[in-house]
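Using the numbering used here, read the sequence shown as starting at 685 and increasing by one per residue.
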Amino acid sequence: MSAVADERTWPRAAGLLFLTLMLSLFTGPGVLVAFPFLALTMVLGLRRLPAAVAAVFAMFVAVGVPTRGGLWYFERGWAIVLAGWFVVLTMRWPQSRFFPRALAAVAATTALVGLLLVIRPGSWSVVDWLVIEGLMRSARVIGQVLITSDPEAYTTAGLSTAYEWTAQFGRLFPAFLGLSSLSGLAVAWWGYVRLSTGSGLGLGPLRDFRFNDHLVWLFLIGLAMIVFGAGEGWTSGGGNAVVFMGGLYAMRGAAVLLFLSGGLTGLGFLFLIVGMLFLWPVLIPGALLVGVSDTWLDLRSKAQAIADGKS
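Shown next as C-alpha coordinates:
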(Lines of atoms letter the chains of each structure in order from A and count residues from 1; the text may use other names and numbers.)
(Lines give C-alpha, C1' and ligand atoms only; values in the text may rest on other atoms or scores of the structure.)
Protein backbone atom coordinates (compact mmCIF):
# COMPACT_ATOMS: atom_id res chain seq x y z
CA MET A 1 0.00 0.00 0.00
CA SER A 2 1.29 3.43 -0.89
CA ALA A 3 2.00 6.18 1.59
CA VAL A 4 -1.00 8.14 0.31
CA ALA A 5 -3.30 5.18 0.84
CA ASP A 6 -1.73 4.67 4.24
CA GLU A 7 -2.62 8.23 5.20
CA ARG A 8 -6.25 7.64 4.29
CA THR A 9 -6.74 5.07 7.03
CA TRP A 10 -7.48 7.81 9.56
CA PRO A 11 -11.22 7.87 8.65
CA ARG A 12 -11.45 4.33 10.06
CA ALA A 13 -10.25 5.56 13.44
CA ALA A 14 -12.44 8.67 13.22
CA GLY A 15 -15.50 6.56 12.48
CA LEU A 16 -14.71 4.17 15.33
CA LEU A 17 -14.17 7.08 17.72
CA PHE A 18 -17.57 8.46 16.73
CA LEU A 19 -19.04 4.99 17.28
CA THR A 20 -17.44 4.84 20.73
CA LEU A 21 -19.00 8.18 21.63
CA MET A 22 -22.42 7.01 20.44
CA LEU A 23 -22.27 3.66 22.24
CA SER A 24 -20.88 4.99 25.52
CA LEU A 25 -24.30 5.89 26.85
CA PHE A 26 -23.48 4.79 30.38
CA THR A 27 -19.72 5.37 30.76
CA GLY A 28 -17.11 7.90 29.75
CA PRO A 29 -15.87 7.04 26.24
CA GLY A 30 -12.46 8.58 26.88
CA VAL A 31 -11.40 5.96 29.42
CA LEU A 32 -12.11 3.11 26.97
CA VAL A 33 -9.50 4.61 24.63
CA ALA A 34 -7.08 6.16 27.10
CA PHE A 35 -6.38 3.15 29.33
CA PRO A 36 -5.67 0.67 26.50
CA PHE A 37 -3.45 3.26 24.79
CA LEU A 38 -1.52 3.85 28.02
CA ALA A 39 -1.14 0.11 28.60
CA LEU A 40 0.23 -0.38 25.08
CA THR A 41 2.75 2.44 25.49
CA MET A 42 3.92 1.20 28.90
CA VAL A 43 4.37 -2.44 27.84
CA LEU A 44 5.32 -2.17 24.16
CA GLY A 45 7.23 1.09 24.50
CA LEU A 46 7.20 4.66 23.21
CA ARG A 47 9.10 4.69 19.95
CA ARG A 48 8.40 8.24 18.75
CA LEU A 49 7.77 11.65 20.30
CA PRO A 50 4.12 11.91 19.10
CA ALA A 51 3.30 8.71 21.03
CA ALA A 52 4.81 10.19 24.20
CA VAL A 53 2.78 13.39 23.82
CA ALA A 54 -0.39 11.38 23.22
CA ALA A 55 0.39 9.24 26.29
CA VAL A 56 0.53 12.34 28.51
CA PHE A 57 -2.82 13.50 27.14
CA ALA A 58 -4.28 10.01 27.60
CA MET A 59 -3.15 10.03 31.23
CA PHE A 60 -5.20 13.15 31.95
CA VAL A 61 -8.22 11.66 30.18
CA ALA A 62 -7.87 8.37 32.06
CA VAL A 63 -7.72 10.02 35.50
CA GLY A 64 -10.43 12.56 34.81
CA VAL A 65 -12.09 14.24 37.75
CA PRO A 66 -12.50 11.82 40.69
CA THR A 67 -16.05 11.77 42.00
CA ARG A 68 -17.70 10.17 44.98
CA GLY A 69 -19.98 7.28 44.06
CA GLY A 70 -21.36 7.02 40.57
CA LEU A 71 -19.71 4.84 37.96
CA TRP A 72 -16.30 6.53 38.17
CA TYR A 73 -14.60 3.58 39.86
CA PHE A 74 -16.45 0.91 37.93
CA GLU A 75 -15.73 2.29 34.47
CA ARG A 76 -12.04 2.79 35.25
CA GLY A 77 -11.74 -0.64 36.81
CA TRP A 78 -13.34 -2.13 33.71
CA ALA A 79 -11.04 -0.14 31.40
CA ILE A 80 -7.91 -1.21 33.33
CA VAL A 81 -8.83 -4.91 33.18
CA LEU A 82 -9.77 -4.57 29.50
CA ALA A 83 -6.46 -2.89 28.68
CA GLY A 84 -4.52 -5.55 30.59
CA TRP A 85 -6.18 -8.44 28.75
CA PHE A 86 -5.68 -6.77 25.36
CA VAL A 87 -1.97 -6.20 25.98
CA VAL A 88 -1.49 -9.78 27.22
CA LEU A 89 -3.25 -11.20 24.16
CA THR A 90 -1.29 -8.89 21.86
CA MET A 91 2.00 -10.06 23.34
CA ARG A 92 0.92 -13.70 23.14
CA TRP A 93 -0.30 -13.50 19.53
CA PRO A 94 1.41 -10.46 17.99
CA GLN A 95 0.69 -11.58 14.43
CA SER A 96 -3.03 -12.11 15.02
CA ARG A 97 -5.56 -9.73 13.51
CA PHE A 98 -6.95 -7.00 15.74
CA PHE A 99 -10.56 -8.10 16.09
CA PRO A 100 -10.00 -11.62 17.51
CA ARG A 101 -7.68 -10.15 20.15
CA ALA A 102 -10.14 -7.37 21.01
CA LEU A 103 -13.14 -9.72 21.19
CA ALA A 104 -11.20 -12.13 23.41
CA ALA A 105 -10.17 -9.23 25.66
CA VAL A 106 -13.80 -8.11 26.05
CA ALA A 107 -14.91 -11.69 26.77
CA ALA A 108 -12.14 -12.19 29.36
CA THR A 109 -12.91 -8.85 31.00
CA THR A 110 -16.61 -9.69 31.15
CA ALA A 111 -15.84 -13.05 32.77
CA LEU A 112 -13.43 -11.59 35.35
CA VAL A 113 -15.52 -8.56 36.28
CA GLY A 114 -18.64 -10.73 36.35
CA LEU A 115 -16.91 -13.15 38.71
CA LEU A 116 -15.88 -10.30 41.03
CA LEU A 117 -19.44 -8.98 41.08
CA VAL A 118 -20.76 -12.45 41.93
CA ILE A 119 -18.24 -12.91 44.72
CA ARG A 120 -19.41 -9.66 46.30
CA PRO A 121 -23.20 -10.04 46.68
CA GLY A 122 -25.14 -6.91 45.86
CA SER A 123 -22.35 -5.33 43.78
CA TRP A 124 -24.15 -5.80 40.47
CA SER A 125 -27.37 -4.41 41.96
CA VAL A 126 -25.47 -1.25 42.89
CA VAL A 127 -23.99 -0.89 39.38
CA ASP A 128 -27.38 -1.59 37.79
CA TRP A 129 -29.04 1.01 40.03
CA LEU A 130 -26.38 3.62 39.26
CA VAL A 131 -26.79 3.10 35.51
CA ILE A 132 -30.58 3.31 35.56
CA GLU A 133 -30.56 6.22 38.01
CA GLY A 134 -28.25 8.17 35.70
CA LEU A 135 -30.51 7.50 32.72
CA MET A 136 -33.62 8.42 34.68
CA ARG A 137 -31.99 11.67 35.79
CA SER A 138 -31.28 12.56 32.17
CA ALA A 139 -34.81 11.56 31.17
CA ARG A 140 -36.27 13.79 33.89
CA VAL A 141 -34.24 16.77 32.69
CA ILE A 142 -35.36 16.21 29.10
CA GLY A 143 -38.95 15.74 30.27
CA GLN A 144 -38.92 19.00 32.20
CA VAL A 145 -37.60 20.84 29.15
CA LEU A 146 -40.30 19.33 26.94
CA ILE A 147 -43.06 20.09 29.42
CA THR A 148 -41.86 23.68 29.75
CA SER A 149 -41.80 24.15 25.98
CA ASP A 150 -45.25 22.61 25.36
CA PRO A 151 -47.17 21.56 28.50
CA GLU A 152 -50.20 20.24 26.58
CA ALA A 153 -48.23 17.95 24.29
CA TYR A 154 -46.60 15.88 27.03
CA THR A 155 -48.93 14.15 29.48
CA THR A 156 -47.98 12.54 32.77
CA ALA A 157 -48.86 9.12 31.36
CA GLY A 158 -46.63 9.67 28.37
CA LEU A 159 -43.69 10.71 30.50
CA SER A 160 -44.27 7.72 32.80
CA THR A 161 -44.08 5.40 29.79
CA ALA A 162 -40.88 7.13 28.67
CA TYR A 163 -39.36 6.53 32.11
CA GLU A 164 -40.31 2.85 31.94
CA TRP A 165 -38.65 2.50 28.53
CA THR A 166 -35.58 4.28 29.91
CA ALA A 167 -35.35 1.79 32.76
CA GLN A 168 -35.66 -1.14 30.34
CA PHE A 169 -32.99 0.40 28.13
CA GLY A 170 -30.68 0.59 31.12
CA ARG A 171 -30.83 -3.21 31.41
CA LEU A 172 -28.85 -3.37 28.15
CA PHE A 173 -25.87 -1.69 29.80
CA PRO A 174 -23.55 -4.77 29.45
CA ALA A 175 -24.18 -5.04 25.69
CA PHE A 176 -23.42 -1.38 25.02
CA LEU A 177 -20.38 -1.53 27.30
CA GLY A 178 -19.05 -4.49 25.33
CA LEU A 179 -19.61 -2.81 21.96
CA SER A 180 -18.09 0.50 23.07
CA SER A 181 -15.12 -1.42 24.54
CA LEU A 182 -14.46 -3.02 21.14
CA SER A 183 -14.58 0.29 19.30
CA GLY A 184 -12.49 1.98 22.03
CA LEU A 185 -9.82 -0.73 21.74
CA ALA A 186 -9.79 -0.24 17.97
CA VAL A 187 -9.14 3.50 18.32
CA ALA A 188 -6.41 2.89 20.92
CA TRP A 189 -4.69 0.23 18.79
CA TRP A 190 -4.82 2.36 15.64
CA GLY A 191 -3.48 5.36 17.57
CA TYR A 192 -0.63 3.37 19.09
CA VAL A 193 0.45 1.83 15.78
CA ARG A 194 0.10 5.15 13.99
CA LEU A 195 1.99 7.27 16.53
CA SER A 196 4.64 4.68 17.38
CA THR A 197 5.52 3.41 13.91
CA GLY A 198 4.03 5.98 11.56
CA SER A 199 1.88 3.29 9.94
CA GLY A 200 -1.87 3.60 9.59
CA LEU A 201 -2.32 -0.10 8.98
CA GLY A 202 -3.29 -1.06 12.51
CA LEU A 203 -6.86 -1.63 11.34
CA GLY A 204 -8.02 -3.30 8.16
CA PRO A 205 -10.68 -1.81 5.88
CA LEU A 206 -14.32 -2.13 6.94
CA ARG A 207 -15.20 -3.94 3.72
CA ASP A 208 -13.14 -6.93 4.94
CA PHE A 209 -14.68 -7.07 8.42
CA ARG A 210 -15.87 -10.52 9.48
CA PHE A 211 -15.65 -12.82 12.50
CA ASN A 212 -16.04 -16.48 13.42
CA ASP A 213 -19.29 -17.82 11.99
CA HIS A 214 -19.91 -19.93 15.10
CA LEU A 215 -20.69 -16.74 17.05
CA VAL A 216 -24.11 -16.81 15.40
CA TRP A 217 -25.06 -19.32 18.09
CA LEU A 218 -24.67 -16.62 20.74
CA PHE A 219 -27.15 -14.51 18.79
CA LEU A 220 -29.60 -17.41 18.40
CA ILE A 221 -29.29 -18.48 22.04
CA GLY A 222 -29.99 -14.89 23.07
CA LEU A 223 -33.17 -14.90 20.99
CA ALA A 224 -34.21 -18.21 22.58
CA MET A 225 -33.62 -16.79 26.07
CA ILE A 226 -35.90 -13.85 25.27
CA VAL A 227 -38.67 -16.04 23.81
CA PHE A 228 -38.51 -18.93 26.27
CA GLY A 229 -36.82 -17.25 29.25
CA ALA A 230 -38.26 -18.25 32.61
CA GLY A 231 -37.65 -14.99 34.41
CA GLU A 232 -36.33 -11.45 34.20
CA GLY A 233 -32.71 -12.60 34.52
CA TRP A 234 -32.98 -14.88 31.48
CA THR A 235 -34.74 -12.22 29.43
CA SER A 236 -32.18 -9.58 30.38
CA GLY A 237 -29.28 -11.89 29.54
CA GLY A 238 -30.82 -12.82 26.21
CA GLY A 239 -31.49 -9.18 25.38
CA ASN A 240 -27.88 -8.24 26.03
CA ALA A 241 -26.61 -11.14 23.90
CA VAL A 242 -28.91 -10.13 21.03
CA VAL A 243 -27.95 -6.44 21.20
CA PHE A 244 -24.21 -7.19 21.42
CA MET A 245 -24.17 -9.69 18.57
CA GLY A 246 -26.71 -7.61 16.66
CA GLY A 247 -24.29 -4.70 16.72
CA LEU A 248 -21.50 -6.90 15.37
CA TYR A 249 -23.72 -8.37 12.67
CA ALA A 250 -24.95 -4.92 11.66
CA MET A 251 -21.31 -3.92 11.21
CA ARG A 252 -20.66 -7.10 9.22
CA GLY A 253 -23.68 -6.34 7.07
CA ALA A 254 -22.35 -2.83 6.43
CA ALA A 255 -19.03 -4.39 5.42
CA VAL A 256 -20.80 -6.68 2.92
CA LEU A 257 -22.77 -3.80 1.42
CA LEU A 258 -19.62 -1.69 1.18
CA PHE A 259 -17.81 -4.56 -0.56
CA LEU A 260 -20.63 -5.10 -3.05
CA SER A 261 -20.98 -1.39 -3.82
CA GLY A 262 -17.27 -1.02 -4.49
CA GLY A 263 -16.67 1.62 -1.83
CA LEU A 264 -18.16 4.77 -0.37
CA THR A 265 -17.67 8.21 -1.89
CA GLY A 266 -17.77 11.44 0.07
CA LEU A 267 -21.33 12.12 -1.12
CA GLY A 268 -22.31 8.56 -0.27
CA PHE A 269 -20.88 8.99 3.22
CA LEU A 270 -22.93 12.17 3.67
CA PHE A 271 -26.11 10.35 2.59
CA LEU A 272 -25.26 7.55 5.02
CA ILE A 273 -24.95 9.97 7.95
CA VAL A 274 -28.27 11.63 7.08
CA GLY A 275 -29.88 8.23 6.63
CA MET A 276 -28.63 7.04 10.03
CA LEU A 277 -30.14 10.11 11.67
CA PHE A 278 -33.61 9.65 10.18
CA LEU A 279 -33.84 6.05 8.89
CA TRP A 280 -31.83 4.09 11.47
CA PRO A 281 -34.86 1.91 12.41
CA VAL A 282 -34.71 0.57 8.85
CA LEU A 283 -31.00 0.72 8.05
CA ILE A 284 -29.69 -1.04 11.17
CA PRO A 285 -32.07 -4.05 11.01
CA GLY A 286 -31.39 -4.28 7.28
CA ALA A 287 -27.62 -4.35 7.81
CA LEU A 288 -28.10 -6.89 10.62
CA LEU A 289 -30.09 -9.18 8.31
CA VAL A 290 -27.37 -8.96 5.65
CA GLY A 291 -24.69 -9.67 8.25
CA VAL A 292 -26.46 -12.75 9.61
CA SER A 293 -27.10 -14.01 6.07
CA ASP A 294 -23.39 -13.66 5.30
CA THR A 295 -22.71 -16.29 7.98
CA TRP A 296 -24.19 -19.00 5.76
CA LEU A 297 -24.02 -17.47 2.27
CA ASP A 298 -20.54 -15.85 2.37
CA LEU A 299 -21.79 -13.14 0.03
CA ARG A 300 -18.42 -11.50 -0.59
CA SER A 301 -16.73 -14.70 -1.72
CA LYS A 302 -19.59 -15.45 -4.11
CA ALA A 303 -19.51 -11.91 -5.50
CA GLN A 304 -15.73 -12.11 -5.95
CA ALA A 305 -16.05 -15.47 -7.71
CA ILE A 306 -18.63 -14.03 -10.10
CA ALA A 307 -16.43 -10.99 -10.77
CA ASP A 308 -13.39 -13.20 -11.42
CA GLY A 309 -15.42 -15.35 -13.78
CA LYS A 310 -16.44 -12.34 -15.83
CA SER A 311 -12.93 -10.87 -16.01
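Heads up, the beta-carbon is just placed ideally off N, CA and C, and yes, glycines get one too.
What does the alpha-carbon distance come out to for the pair L787 and L866? 7 Å
Smallest Cα separation from V974: which of L773, Y933 and G818? Y933
Measure how close the beta-carbons of V857 and F710 come, nearest whole angstrom, since I'm counting them as under 8 Å. According to the sequence shown, residue 857 is Phe rather than Val. Their Cβ separation, rounded to whole angstroms, is 5 Å, which keeps F857 and F710 in contact under 8 Å.
Nearest-angstrom Cα distance between A851 and I816? 6 Å
Within the same chain, show all residues whose beta-carbon is closer than 6 Å to that of A742, passing over the 5 residues directly before and after it, in chain order. A718, F721 and L722
Report all residues from its chain with a CB closer than 7 Å to the CB of I990; omit the five preceding and five following residues, and keep chain order. none
Shortest alpha-carbon distance to A697 belongs to which of L963, L861 and G875? G875
Quick one, which of F758, L861 and P695 has its alpha-carbon nearest L707's? L861
Under the rule that 16 or more other beta-carbon atoms within 10 Å means buried, what is P713, buried or exposed? buried
Could you check how far apart the C-beta atoms of G930 and L972 are, in whole angstroms? I think they sit under 8 Å. 5 Å
D892, DSSP secondary structure in three states: helix
Please state whether the Cβ-Cβ distance between L716 and T704 is less than 8 Å. yes
Under the assumption that G923 contacts R878 (Cβ atoms under 8 Å), give the Cβ distance between them as a whole number of angstroms. G923 to R878, Cβ: 36 Å. No contact.
Going by CA-CA distance only, name the one from D897, W964 and F893 that's closest to V940. F893
With respect to the alpha helix (DSSP H) encompassing P805, which residues constitute its N-terminal and C-terminal limits? No alpha helix (DSSP H) contains P805, which DSSP labels as neither H nor E.
Nearest to A925 by CA position, among W769, V966 and A859, is which residue? A859
Pick from V900, A789 and L801 that is closest to W980, judged by C-alpha positions: V900
Rounded to whole angstroms, what's the CA-CA distance from M775 to V745? Just pull it up for me. 25 Å
Identify, in the order they occur along the chain, each residue of the same chain with its Cβ nearer than 7 Å to the Cβ of I910, setting aside the five sequence neighbours on each side. T919, G922, G923 and V926
Enclosing alpha helix (DSSP H) for T693 [first to last residue]: First-last for T693: undefined, no H or E at that position.
May I ask you to report which of helix, strand or coil DSSP gives F719? helix
Could you pull out every residue in the same chain whose Cβ sits closer than 6 Å to the Cβ of T793, ignoring the five residues on either side in sequence? V765, L766 and W769
Quick one: does R731 have its CB under 8 Å from some CB of chain B? You won't find chain B in this structure, because it holds only one protein chain.
Specify the secondary structure class of R781 as computed by DSSP and reduced to three states. coil
Express the C-alpha separation of V811 and G818 in angstroms, rounding to a whole number. 11 Å
Assuming the contact rule is C-beta atoms closer than 8 Å, R936 and D978 should be a hit. Round their C-beta distance to whole Å, please. 6 Å
Inter-residue CB distance, L755 and L814 (contact presumed, cutoff 8 Å): 5 Å
Put F853 into one of helix, strand or coil per three-state DSSP. helix
Would you kindly work out how many angstroms separate the C-alpha atoms of I803 and V797, rounded to a whole number? 10 Å
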